[in-house]
Amino acid sequence: MLYAAKTFVDTLAGITRLEKGPQHLPTSYALLITSVVVYTLIRFGVYIYKVPIGSAAIMGLTDTAITVGIIVLLLAVRGVTFRAPQMLTAFSSIASAFGLAVIFSLGLISLIPDVPMVQGFRNVVIFPLVLVNVVITGHLFRASLATNLATGVGIALVLLFIVTNVTDRFDPTLERTGAGSSRMTPSPQTIPER
């Protein structure tokens with residue numbers, strides 16, 4: 139059991155170094171379900187920093203459903219759905235690790251008393267995490283869809299764009315400007331005053 143866990147972690151580390159692909163993971167539905175559930179809980183933890191608990195739960199579930207759906211759809215289009223358990227396990231496990239790093243960072247940033255400084259510092263810390271996660275996700279798509287890294291990163295960016303835009307629809311702190319408008323701005327009542 140301990141050896142299997144070490145092998146799993148070593149494989150994930152190899153994936154993050156872009157040396158291995160999801161095909162190096164075992165096809166295990168127990169591992170798949172566990173990693174997707176953990177991913178959903180971690181996404182909930184990330185969203186809880188910006189929205190109320192009910193909205194965070196909806197956003198976490200929506201994030202997971204869209205991500206899993208798009209990944210399975212892309213694999214089906216390429217005729218390689220047999221890779222879905224490994225791809226989803228790799229994606230959700232690695233994204234969970236990055237999600238934990240984001241939660242930890244947001245927790246530390248929330249200790250900063252200067253509100254204007256918090257937003258700038260948050261962007262400086264979170265952006266590199268998102269960027270590295272997009273490159274690793276692109277690598278996963280490259281390996282799973284038999285494409286190149288640039289295409290994989292492009293797919294990862296589109297996935298991030300779709301998930302962000304759809305989950306933002308459940309964010310009550312954003313005010314929609316105009317009927318059917320996709321432009322959203324923070325509502326004045328959600329901006330803390332000093």
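Its first residue numbered 139, the sequence shown is counted upward by one per residue in the numbering used here.
Heads up, the beta-carbon is just placed ideally off N, CA and C, and yes, glycines get one too.
With 16 other Cβ atoms within 10 Å as the buried cut-off, status of residue i
i              : result
asparagine 303 : exposed
leucine 150    : buried
serine 325     : Any reading at serine 325 needs caution, since the residue's pLDDT is 49, under 50, leaving its predicted position unreliable; the model's value is listed next. So serine 325 ends up on the exposed side.
leucine 169    : buried
valine 189     : buried
glutamate 331  : Note that glutamate 331 has pLDDT 47, beneath the 50 cutoff, so the model's placement of it is unreliable and the number below is only indicative. Glutamate 331 is exposed by the Cβ-count criterion.
glycine 245    : exposed
Cβ-Cβ distance between residue i and residue j below 8 Å
i              : j                 : result
isoleucine 274 : isoleucine 232    : yes
isoleucine 171 : proline 160       : no
leucine 163    : glutamine 257     : no
glycine 207    : threonine 178     : no
glycine 290    : phenylalanine 308 : no
threonine 205  : leucine 297       : yes
Distance between residue j and residue i (C-alpha atoms, nearest Å)
i              : j                 : result
alanine 228    : leucine 312       : 32 Å
isoleucine 191 : leucine 212       : 31 Å
asparagine 261 : alanine 284       : 33 Å
valine 218     : tyrosine 185      : 32 Å
valine 174     : arginine 155      : 22 Å
methionine 255 : leucine 249       : 11 Å
valine 210     : phenylalanine 182 : 22 Å
Nearest residue (CA-CA) to residue i, options the options
i                 : options                           : result
leucine 238       : Tyr141, Asn271 and Leu295         : Asn271
proline 310       : Tyr187, Leu287, Gln224 and Ile209 : Tyr187
phenylalanine 259 : Ile247, Val176 and Phe308         : Ile247
arginine 221      : Ser166, Asn261 and Leu140         : Ser166
leucine 226       : Leu267, Ala281 and Leu249         : Ala281
leucine 267       : Ala194, Phe308, Ala195 and Phe242 : Phe242
threonine 345     : Val240, Val176, Asp252 and Ile196 : Any answer about residue 345 is impossible in this case: the structure gives the chain only from 139 up to 332.
valine 240        : Leu249, Ile250 and Phe265         : Phe265
valine 176        : Ile209, Leu244, Phe236 and Glu157 : Phe236
Heavy atom of the ligand FMN within 7 Å of residue i beta-carbon
i             : result
glutamine 161 : Of the ligands one can find in the structure shown there are none, so the ligand FMN has no counterpart to examine.
What are the complete alpha helix (DSSP H) segments, minimum 4 residues, inside the segment 191 to 266? 191 to 215 and 222 to 247
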